[in-house]
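Q:
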Amino acid sequence: MNTSKLLIANKIREAREWQEITQVGMAKKLGIARQTYLDLESAKTEPRVSTLMLIAEVTERPLGWFLFEDNPTSSPCMQEDTQQLINMLAEVPPSLRARLIELNLSFISCWFEQQKKVPK
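Residue numbers (the UniProt record's numbering): 1 to 120.
1. Cβ atoms of Pro47 and Ile55: under 8 Å apart, would you say?
2. Could you say which of Ala9, Ile32, Trp111, Lys116 lies nearest to Leu40 if we only look at CA atoms?
3. By the DSSP assignment, the alpha helix (DSSP H) with Thr59 in it spans what residues?
4. Exposed or buried, what is Phe112 when buried is set at 16 or more other beta-carbons lying within 10 Å of its beta-carbon?
5. I want to see whether chain C comes within less than 8 Å of Met88, judged by CB atoms only; does it?
6. Starting from Pro119, trace the alpha helix (DSSP H) both ways and give me its first and last residue.
7. Please classify Thr22: is it buried, with 16 or more other beta-carbons within 10 angstroms of its beta-carbon, or exposed?
8. How should Met53 be labelled, buried or exposed, when 16 other C-beta atoms within 10 angstroms of its C-beta is the threshold for buried?
9. State the CB to CB distance for the pair Ala15 and Thr59, rounded to an integer number of angstroms; the pair is presumed to be in contact (CB under 8 Å).
10. Please report the distance separating the alpha-carbon of Tyr37 from that of Glu20.
11. What does the alpha-carbon distance come out to for the pair Lys116 and Ser106?
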């Protein structure tokens with residue numbers, strides 16, 4: 001079986017379980033038959049892009065998370081932190097927002113440079 005097909009199926013199941021939604025509940029939210037949903041989770045069929053987008057919305061996961069191997073930035077905690085920062089920045093006036101982003105990028109870059117110098 002295709003590895004990417006299995007990856008997507010596993011991610012669909014993982015996202016549903018993370019939101020504590022039953023398979024029947026997920027099928028209802030997606031407006032599809034239960035068996036159709038089971039086929040997605042078992043990798044018998046691949047989801048349409050529109051279905052995968054809806055699954056991402058329902059499970060509050062980014063669409064790319066379903067398509068790529070795990071990495072640290074895809075963890076739910078990291079996503080929540082990132083979304084909180086985005087929401088806060090959205091409330092800042094645009095002229096100040098650009099300066100805040102610039103300063104924070106500089107600060108984070110300095111931190112990374114210092115980490116490279118610390119012996120492991």
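Heads up, the beta-carbon is just placed ideally off N, CA and C, and yes, glycines get one too. Source: prediction; values computed, not measured.
A: Looking at the coordinates:
1. Taking the sequence shown and counting its residues from 1, one reaches residue 55 at position 55. Taking the sequence shown and counting its residues from 1, one reaches residue 47 at position 47. The Cβ-Cβ distance between Ile55 and Pro47 falls below 8 Å.
2. The residue labelled residue 40 in the question sits at position 40 within the sequence shown. For Leu40, the closest C-alpha among the options Ala9, Ile32, Trp111, Lys116 is that of Ala9.
3. The residue given as residue 59 occupies position 59 in the sequence shown. Start and end: 49 to 59.
4. Here the question's residue 112 lines up with position 112 in the sequence shown. Burial call: exposed.
5. The chain labelled as chain C is not found in the depicted structure, where only one protein chain is given.
6. Looking up residue 119 in the sequence shown gives position 119. Careful: Pro119 lies outside any alpha helix (DSSP H) and carries neither H nor E.
7. The residue given as residue 22 occupies position 22 in the sequence shown. Within 10 angstroms of the beta-carbon of Thr22 lie fewer than 16 other beta-carbons, which makes it exposed.
8. By one-based count along the sequence shown, residue 53 stands at place 53. Met53 is classed as exposed because its beta carbon has fewer than 16 other beta carbons within 10 Å across all chains shown.
9. The residue labelled residue 15 in the question sits at position 15 within the sequence shown. The residue labelled residue 59 in the question sits at position 59 within the sequence shown. For Ala15 against Thr59, the beta-carbon gap comes to about 4 Å, under 8 Å, which counts as contact.
10. In the sequence shown, counting from the first residue as 1, residue 37 sits at position 37. In the sequence shown, counting from the first residue as 1, residue 20 sits at position 20. The alpha-carbon atoms of Tyr37 and Glu20 are separated by roughly 16 Å.
11. For this step, residue 116 is matched to residue 116 along the sequence shown. For this step, residue 106 is matched to residue 106 along the sequence shown. Cα to Cα, the separation comes out at about 16 Å.
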